[in-house]
Amino acid sequence: MVLNFVKNKERGVFKGKLFLINPKGGEILGYPAYKSVLDIKDDIDHIVIIILAKFVPRVLEECEEKGIKAITIISAGFSEIGDRT
43 MVLNFVKNKE RGVFKGKLFL INPKGGEILG YPAYKSVLDI KDDIDHIVII
93 ILAKFVPRVL EECEEKGIKA ITIISAGFSE IGDRT
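Heads up: the sequence shown is residues 43 to 127, going by my numbering.
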């Protein structure tokens, strides 16, 4: 899924800034990976969250703290497979 976002950025389909986040940090497909949305200095208009359901609440709290108002969640592990927390 992340690969699609990176490809769209590289093809010029997406003109904005792309920030990738991974709790381990490092690099993803040649882009720096921030450990948290809170580590990004820029303002963020929209975030796409692609994580397991059990991590969504924590990331949403960080988004609220950062002031991000547009959020898209792509996840699995909510009611479609039962409670796995």
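Glycine is no exception: its CB is placed at the ideal position from the N, C-alpha and C atoms.
Keep in mind the model is a prediction, meaning the values are calculated, not measured.
Check, Outcome
"Alpha-carbon to alpha-carbon, residue 83 and residue 115", "22 Å"
"Segment limits, beta strand (DSSP E) that includes residue 44", "Unbroken run through residue 44 is the alpha helix (DSSP H), 44 to 52; no beta strand (DSSP E)."
"DSSP-derived helix/strand/coil call for residue 62", "strand"
"Beta-carbon gap between residue 48 and residue 73 smaller than 8 Å", "yes"
"First and last residue of the uninterrupted beta strand (DSSP E) at residue 90", "88 to 92"
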